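Participant: Quick note on numbering: the sequence shown equals residues 1 to 564 in the working numbering. Where a beta carbon is used, it is the ideal one built from N, C-alpha and C, also for glycine. Note that the coordinates shown come from a computational prediction; the quantities given were computed from them, not determined experimentally. First the structure, then my questions, so here it is.
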Amino acid sequence: MLQEIEDVTDKVLSSEKPGMSAQEVLAARQKIISEIQREASSQSGLRCQVVSLYSGSMYHLYKYKVYNDVRLVFAPEEDVAFFGGDPDNFTYPRYDLDISIFRVYENGQPLKTQHYLKWSTAPLKEGELVFCSGNPGSTGRLLTYDQLLFLRDVSYPFSIANLKRRQALLHEYAKKGPEQARIASNTLFGIENSLKAISGYQSGLLNKELMAKKLAEEQKIRQAVAANAELAKEYGQAWDEIAQAQKEYASFFREYQFFERANAFDTVYFNLARSIVRMVAERDQQSPEMAAARRAIGTRGPINDDFEIYKLADSLRYLQKELPGLQETKWLLGCKSPDEVAKELISGTRLKDPEFRTKLLEGGKEAVYQCQDPMIKLALLVEPFSQALRERYEKKVQAVEVKNGTLVARAIFKLKGTSFPPDATRTLRLSFGVVKGYVENGKRIPFQTTFAGLFAKAKEKNNQAPWFLPEIWYKKKPVLNLNTPINFVATIDSIGGNSGSPVVNKKGELVGVLFDGNIQSLPTRFVYEDKVARSVMVSAQGIIEALSKVYEAKPLVDELLGNH
1 MLQEIEDVTD
11 KVLSSEKPGM
21 SAQEVLAARQ
31 KIISEIQREA
41 SSQSGLRCQV
51 VSLYSGSMYH
61 LYKYKVYNDV
71 RLVFAPEEDV
81 AFFGGDPDNF
91 TYPRYDLDIS
101 IFRVYENGQP
111 LKTQHYLKWS
121 TAPLKEGELV
131 FCSGNPGSTG
141 RLLTYDQLLF
151 LRDVSYPFSI
161 ANLKRRQALL
171 HEYAKKGPEQ
181 ARIASNTLFG
191 IENSLKAISG
201 YQSGLLNKEL
211 MAKKLAEEQK
221 IRQAVAANAE
231 LAKEYGQAWD
241 EIAQAQKEYA
251 SFFREYQFFE
261 RANAFDTVYF
271 NLARSIVRMV
281 AERDQQSPEM
291 AAARRAIGTR
301 GPINDDFEIY
311 KLADSLRYLQ
321 KELPGLQETK
331 WLLGCKSPDE
341 VAKELISGTR
351 LKDPEFRTKL
361 LEGGKEAVYQ
371 CQDPMIKLAL
381 LVEPFSQALR
391 ERYEKKVQAV
401 EVKNGTLVAR
411 AIFKLKGTSF
421 PPDATRTLRL
431 SFGVVKGYVE
441 NGKRIPFQTT
451 FAGLFAKAKE
461 KNNQAPWFLP
471 EIWYKKKPVL
481 NLNTPINFVA
491 TIDSIGGNSG
501 SPVVNKKGEL
511 VGVLFDGNIQ
521 SLPTRFVYED
531 KVARSVMVSA
541 QGIIEALSKV
551 YEAKPLVDEL
561 LGNH
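Here you go:
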């Protein structure tokens, strides 16, 4: 829970000295940021994080109080939480009770909070002003035109092709039987969700009007900079240096994705092995992040070897197809097929055992480097090449983007001030909008959907997955008020990471929980518009109706409404 925000911009930027290279600037900033976080955590006892805003033009220190005892109170059936499944994901109208309710405990007792959101029971009206508090992941509204071109022409096409291949692979695996379908379901959902999201982002970059607007905005700024000798000297080269960094990145992008980003090794075992290898080499063993990572290594849940072999063999085939001439590819596969290598690696590893993983970590470098586990050996084998790619990326791409991205943002600051918001950073962001339907292909889309629509959709689809309603919903249908809203849309500016965000009215009362956006909202990653882009919420009224009538959770309803 965020407790305090402190502006540390001057402290961070003071580490940058005249004449520093891009790499030196990045290293200096990283060093001072680590020092600020460590000192603040030590003094406050809170978890502290320095957040970069406006591409490094501004730095804020966020201080969080952490609650570790969080217990599940309520979750609906997946069929009704994700009604419509992937076909309806990023679409609207929707009919999803996509919420869970948790209770936070402190010292073994439910947390007593002075401030909380009261629950609204009044119906929403179209045009009503609403506010959203959440932690959106990332937007790219301050990216340069050349960075957008790189995403459009290099990064997104690779990601989309990779996700489509994995999607097809897991659908084939799921056809083997009910157990295989269950095992693949979570991974498949993540893949299909990412595929829709990235395809949506790409649709924006393939939109000639959007790209023309971004180019015109950039040219206007660059012309204003060039017309001022002082601004030109300080900021004029920033765009060209970022453009050169994109060309550099494109030259090794595939190797970086396959090795450093581990696209060649699609198995949880490799992720575990790499984490262990890198943890024992990490100097700052006492950081909060390292402590959390060590706990995660020792507590991971069950792993299905058949599924892991299936995924790993496919990713090795993909490596063999895309980078056949690479020496590392030849070393990894030798004269064996990807299927043989995958089976040998996974059948031979002991990383499924949490005790074995913990002992390796406790043994440090000596234990890890002498370990004969094949998956550890694989991680050690590819680490030098991966590290070299990572260092090349950090020096030639990331450092250049950080240094010059700051210059671009500063130039915009000089010309526009703070009239535009910073990009999302996975930290607290307040947004607002109005409850409002829209027109799609000449058809009026209503601002809210109801329980009546939920049952109608299930009937239309013959109650077949993914439009299947659990039996309890049909049993309770006679007592439900079918006119109760279940979902609604608003012009709130949101992006991935906002899921679970509370949405409140002018009185500060909870009216909904954000869980999605329509497909038209995805290009707002780069340019916000509110003509058809919408955030999608679960209605607070619908939550209470379901809890009361379907799940008969009266004590929970009383607690939420403050009736006890």
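Grab the span of the beta strand (DSSP E) containing Q3 for me, first residue to last.
Facilitator: Unbroken beta strand (DSSP E) run through Q3: 2-7.
Participant: Could you spell out the range, first to last residue, of the alpha helix (DSSP H) harbouring H171?
Facilitator: 156-174 is the span of the alpha helix (DSSP H), which, as asked, contains H171.
Participant: How would you label S419, buried or exposed, when you count the other beta carbons within 10 angstroms and need 16 or more for buried?
Facilitator: That one is exposed.
Participant: Would you mind giving the Cβ-Cβ distance between S120 and L510, rounded to the nearest angstrom? I have them listed as a contact below 8 Å.
Facilitator: With 8 Å as the limit, S120 and L510 qualify as a contact, their Cβ atoms being about 6 Å apart.
Participant: Alpha carbon to alpha carbon, how far is E260 from F270? Give it in angstroms, no decimals.
Facilitator: Straight-line Cα distance between these residues: approximately 12 Å.
Participant: Count the other C-beta atoms from every protein chain shown that fall within 10 angstroms of the C-beta of E545, then say buried if there are 16 or more, exposed otherwise.
Facilitator: Answer is buried; the Cβ neighbour count reaches 16.
Participant: Tell me which residues share the same chain as L360 and place their Cβ nearer than 7 Å to its Cβ, disregarding the 5 neighbours each side in the sequence.
Facilitator: Excluding residues within five positions, the ones whose Cβ falls inside 7 Å are I276, A367, V368, C371.
Participant: Tell me the rounded alpha-carbon separation between R71 and G108.
Facilitator: Rounded to the nearest angstrom, the two C-alpha atoms are 11 Å apart.
Participant: Determine the direct distance from the alpha carbon of N487 to that of L170, and round the result to whole angstroms.
Facilitator: Using only the alpha carbons, I get a separation of about 30 Å.
Participant: What's the call for R295, buried or exposed, on a 16-neighbour Cβ count within 10 Å?
Facilitator: Exposed: under 16 other Cβ atoms inside 10 Å.
Participant: Can you have a look at R525 and say buried or exposed, based on whether 16 or more other CB atoms are within 10 angstroms of its CB?
Facilitator: Looking at its Cβ environment, which holds 16 or more other Cβ atoms inside 10 Å, R525 is buried.
Participant: Go ahead and label V557 buried or exposed: buried means 16 or more other beta carbons lie within 10 angstroms of its beta carbon, across all protein chains shown.
Facilitator: The residue is buried, with at least 16 neighbouring Cβ atoms inside 10 Å.
Participant: Taking the CB atoms as reference points, tell me whether M577 and P422 lie closer together than 9 Å.
Facilitator: Residue 577 lies beyond the residue range present for the chain, which begins at 1 and ends at 564; the question has no answer from this structure.
Participant: Closest by CA to V435, which one among S535, C48, E344?
Facilitator: Minimum Cα distance to V435 is reached at S535.
Participant: Leaving out five residues on either side along the sequence, give the residues of the same chain with a beta carbon under 6 Å from the beta carbon of F131.
Facilitator: Closer than 6 Å at Cβ, skipping near neighbours: F432, V504.
Participant: Is the beta carbon of F252 sitting closer than 9 Å to the one on L151?
Facilitator: Taking 9 Å as the Cβ cut-off, F252 and L151 do not qualify as a contacting pair.
Participant: Measuring CB to CB, does R29 end up less than 9 Å from V8?
Facilitator: Contact flag unset, no.
Participant: Please report the distance separating the alpha-carbon of V532 from that of T91.
Facilitator: Each residue's alpha carbon lies about 12 Å from the other.
Participant: In the DSSP output, what is E440 paired with across the bridge?
Facilitator: Paired residue(s): K443.
Participant: Taking CB distances under 9 Å as the criterion, tell me whether C371 reaches chain D.
Facilitator: The structure shown has no chain D; it contains just one protein chain.
Participant: In the structure shown, what three-state DSSP assignment does N563 receive?
Facilitator: Coil at N563, not helix or strand.
Participant: Whose CA, out of A168, E77, K214, lies closest to the CA of Y528?
Facilitator: Nearest of A168, E77, K214 to Y528, Cα basis: K214.
Participant: Which word fits A229, buried or exposed, when buried means at least 16 other C-beta atoms lie within 10 angstroms of its C-beta?
Facilitator: A229 is exposed by the Cβ-count criterion.
Participant: Restricting to Cα atoms, I'd like to know which of G56, C48, S42 is closest to D10.
Facilitator: The candidate whose alpha carbon is nearest that of D10 is G56.
Participant: Let me make sure I understand the geometry here. Which of A75, L148, V408 has the alpha-carbon closest to that of Y54?
Facilitator: When each option's Cα is compared against that of Y54, the closest is V408.
Participant: Which residues mark the beginning and the end of the alpha helix (DSSP H) in which R392 is found?
Facilitator: Note, R392: alpha helix (DSSP H), 374-393.
Participant: Cα-Cα, which of Q37, R182, L142 is closest to A411?
Facilitator: Of the candidates Q37, R182, L142, the one whose C-alpha sits nearest the C-alpha of A411 is L142.
Participant: Do the CB positions of G273 and I376 come within less than 9 Å of each other?
Facilitator: The amino acid at residue 273 is misidentified as Gly; the sequence shows Ala. Taking 9 Å as the Cβ cut-off, A273 and I376 qualify as a contacting pair.
Participant: Below 7 Å CB to CB, which residues in the same chain sit around Y105 once its five sequence neighbours on both sides are set aside?
Facilitator: So the qualifying residues of the chain are D69, R71, L111.
Participant: In terms of residue numbering, what span does the beta strand (DSSP E) encompassing A122 cover?
Facilitator: Unbroken run through A122: none, as it is neither H nor E.
Participant: Terminal residues of the continuous alpha helix (DSSP H) containing A226?
Facilitator: 208-226 is the span of the alpha helix (DSSP H), which, as asked, contains A226.
Participant: With 16 as the cutoff for other CB atoms within 10 Å, does L454 come out buried or exposed?
Facilitator: Its Cβ being crowded by 16 or more others within 10 Å, L454 is buried.
Participant: Is D493 near the ligand NAD, in the sense that its beta carbon is under 8 Å from a heavy atom of that ligand?
Facilitator: No copy of the ligand NAD occurs in the structure displayed, which carries no ligand at all.
Participant: For L26 and E401, I'd like the C-alpha separation in whole angstroms.
Facilitator: Those two C-alpha atoms are separated by around 10 Å.
Participant: R317 to L323, Cα distance in whole Å?
Facilitator: Roughly 10 Å between the two C-alpha positions.
Participant: Taking only runs that begin and end inside the segment 458-530, name each unbroken beta strand (DSSP E) of 3 or more residues, in chain order.
Facilitator: Counting only runs of 3 or more, we get 485-490, 502-504, 510-517.
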